[in-house]
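Asks:
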Amino acid sequence: MKERRKYRRVHIQLPLRIHGTDMHGQDVNIISITKNVSTGGAYFEYSEPLEVGMKVNVFLSVPYEIASLLPPKILESEASIVRVAAQEDRYKGQTGIAVKFLKDLTWQKEVYESM
450 MKERRKYRRV
460 HIQLPLRIHG
470 TDMHGQDVNI
480 ISITKNVSTG
490 GAYFEYSEPL
500 EVGMKVNVFL
510 SVPYEIASLL
520 PPKILESEAS
530 IVRVAAQEDR
540 YKGQTGIAVK
550 FLKDLTWQKE
560 VYESM
């Protein structure tokens, strides 16, 4: 089967923070760990499904060992939820969620204290 992805995925666990507003106007704040990341998006698991099409802000914590920067840095981008795992594909109460970056990842000046 031919790979259809546009960007190469890297299987890496990075702290991830998602902030947005759901389709009902409720604030959504999620802290999770990525399963994989590419220049086009990221995949992570969360205890609740999110809505496909939801716009969010994504913050990825990049540790010193990867970025060779002191202190650890945060990459951020606007993103859209593009896939949510089907009920039968959920594992141990976690839902797989894929986000597509809508803008290039940029370095954030300040590191989130909670990450």
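Positions in the sequence shown are counted from 1; adding 449 to them yields the numbering used here.
Positions of the beta carbon are idealized from the N, C-alpha and C atoms, including for glycine.
Going by alpha carbons, who is nearest to L554 out of G490, I482, I479 and E494?
Replies: Within the sequence shown, the letter at position 105 stands for residue 554. Looking at the Cα atoms, G490 is the closest of the given residues.
Asks: For T483, tell me which candidate among P498, T470, P464 and K552 has the shortest Cα-Cα distance.
Replies: Taking the sequence shown and counting its residues from 1, the one referred to as residue 483 is at position 34. Closest by alpha carbon: P464.
Asks: Is the beta carbon of Q543 closer than 9 Å to that of E500?
Replies: One-based indexing of the sequence shown puts residue 500 at position 51. One-based indexing of the sequence shown puts residue 543 at position 94. Going by C-beta atoms, E500 is not nearer than 9 Å to Q543.
Asks: Using a Cβ-Cβ cutoff of less than 7 Å, which residues in the same chain neighbour K552 once the five nearest sequence positions on both sides are dropped?
Replies: Counting from one through the sequence shown, the residue named residue 552 turns up at place 103. So the list reads S526 and E527, once near-sequence residues are dropped.
Asks: Inspect the beta-carbon positions of V459 and I467 and report whether they are closer than 9 Å.
Replies: Locating residue 459 in the sequence shown gives position 10, where the first residue counts as 1. Locating residue 467 in the sequence shown gives position 18, where the first residue counts as 1. Not in contact: V459 and I467 (Cβ atoms no closer than 9 Å).
Asks: Who does L547 pair with in a DSSP beta bridge?
Replies: In the sequence shown, the residue the question calls residue 547 occupies position 98. A small correction: the amino acid at residue 547 is Ala; Leu does not occupy that position in the sequence shown. The partner list for A547 (beta bridge, DSSP) reads Y492 and R532.
Asks: Looking at chain C, is there any beta carbon in it that lies within less than 9 Å of the beta carbon of S496?
Replies: No chain C is part of this structure, which consists of one protein chain only.
Asks: Assuming I530 and S510 are in contact, meaning their beta carbons sit under 8 Å apart, how far apart are those beta carbons, in whole angstroms?
Replies: As a first step, residue 530 is located in the sequence shown; it is residue number 81 there, counting from the start. As a first step, residue 510 is located in the sequence shown; it is residue number 61 there, counting from the start. Rounded, the Cβ-Cβ distance is 20 Å, inconsistent with contact.
Asks: Determine the burial state of M472: buried for a count of at least 16 other Cβ atoms within 10 Å of its Cβ, exposed for fewer.
Replies: Counted from its first residue, the sequence shown places residue 472 at position 23. Result: exposed.
Asks: So the beta strand (DSSP E) V507 belongs to, where does it begin and stop?
Replies: Along the sequence shown, read from residue 1 onward, the residue named residue 507 stands at position 58. First-last of the beta strand (DSSP E) with V507: K504 to V511.
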